[in-house]
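J.: Numbering (full-length UniProt numbering), first residue to last: 1 to 153.
(1) Can you check which of these residues, 84, 98, 89, 78, is closest to residue 31 by C-alpha distance?
(2) Are residue 128 and residue 7 touching if we call contact CB-CB under 9 Å?
(3) Pull the bridge partners of residue 31 from the DSSP assignment, please.
(4) Helix, strand or coil: which one does DSSP assign to residue 51?
(5) I'd like to check one pair, residue 63 with residue 70: are the Cβ atoms closer than 9 Å?
(6) Alpha carbon to alpha carbon, what distance is there between residue 35 and residue 54?
(7) Give me the Cα-Cα distance between residue 159 and residue 41, rounded to the nearest whole angstrom.
(8) Helix, strand or coil: how does DSSP classify residue 142 here?
(9) What number of angstroms, rounded off, separates the C-alpha of residue 153 from the C-alpha of residue 140?
(10) Can you look up residue 42 in the DSSP assignment and give me helix, strand or coil?
(11) Measure from the alpha carbon of residue 58 to the alpha carbon of each residue in 150, 51, 108, then state which is nearest.
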């Protein structure tokens with residue numbers, strides 16, 4: 001029995017709302033709000049995928065030292081995190097980039113976060129299984145009722 005794309009996307013929306021967003025906020029990762037705003041979900045043939053920005057892995061696990069990240073990419077983060085603008089924001093973004101080049105990000109130094117792992121935790125997987133099986137059970141019940149009604153006519 002197949003699930004519709006809408007049914008799968010509804011469950012993915014719930015997983016994002018009930019598990020991923022709370023973990024993101026619990027870890028204190030929110031600065032600009034861009035990562036949350038750009039989360040995407042995609043339903044396939046009896047499958048679903050949640051996608052984040054290209055930097056999702058670095059957000060979750062941190063960036064190792066060795067190469068300076070682009071200063072421009074850090075400016076918006078600096079503005080949101082520290083409330084700085086103009087040359088002060090550029091200067092702070094440069095300082096942060098140099099520190100990342102030397103030491104890596106704080107999440108890297110801490111061994112990464114468990115942001116993405118929330119999607120594979122038992123409670124999340126059980127929730128997905130319960131939601132999808134509930135949809136399938138309802139569809140089977142509706143089909144049985146139709147079959148019974150047709151047989152009685």
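We treat Cβ as the ideally placed atom computed from N, Cα and C, and that holds for glycine.
Quick caveat: nothing in here was measured; it's all calculated off a predicted structure.
T.: The structure says:
(1) The count along the chain shown starts at 1 and reaches residue 31 at position 31. Comparing Cα-Cα distances from residue 31 to each of 84, 98, 89, 78, the minimum goes to 78.
(2) As a position in the chain shown, residue 128 is number 128, starting the count at 1. As a position in the chain shown, residue 7 is number 7, starting the count at 1. No, the Cβ-Cβ distance between residue 128 and residue 7 is not below 9 Å.
(3) On the chain shown, residue 31 is found 31 positions in, with the first residue counted as 1. DSSP, once it has assigned bridges, lists no residue as partnering residue 31.
(4) Sequence index remark: in the chain shown, residue 51 carries index 51 (1-based). In the structure shown, residue 51 sits in a strand (DSSP, three-state: E or B).
(5) Within the chain shown, numbered from 1, the residue matching residue 70 stands at position 70. Within the chain shown, numbered from 1, the residue matching residue 63 stands at position 63. Cβ distance not < 9 Å, so residue 70 and residue 63 don't count as in contact.
(6) By one-based count along the chain shown, residue 54 stands at place 54. By one-based count along the chain shown, residue 35 stands at place 35. Going by the C-alpha atoms only, they are around 10 Å apart.
(7) Lying outside 1 to 153, the shown extent of the chain, residue 159 is not represented and no answer is given.
(8) As a first step, residue 142 is located in the chain shown; it is residue number 142 there, counting from the start. In the three-state reduction of the DSSP assignment, residue 142 falls in the helix class, which pools H, G and I.
(9) On the chain shown, residue 153 is found 153 positions in, with the first residue counted as 1. On the chain shown, residue 140 is found 140 positions in, with the first residue counted as 1. If you take the alpha carbons of residue 153 and residue 140, they lie about 20 Å apart.
(10) The residue given as residue 42 occupies position 42 in the chain shown. It is a strand residue.
(11) Walking along the chain shown from the start, residue 58 turns up at place 58. Taking the Cα of residue 58 as reference, the smallest distance to any Cα among 150, 51, 108 is reached at 108.
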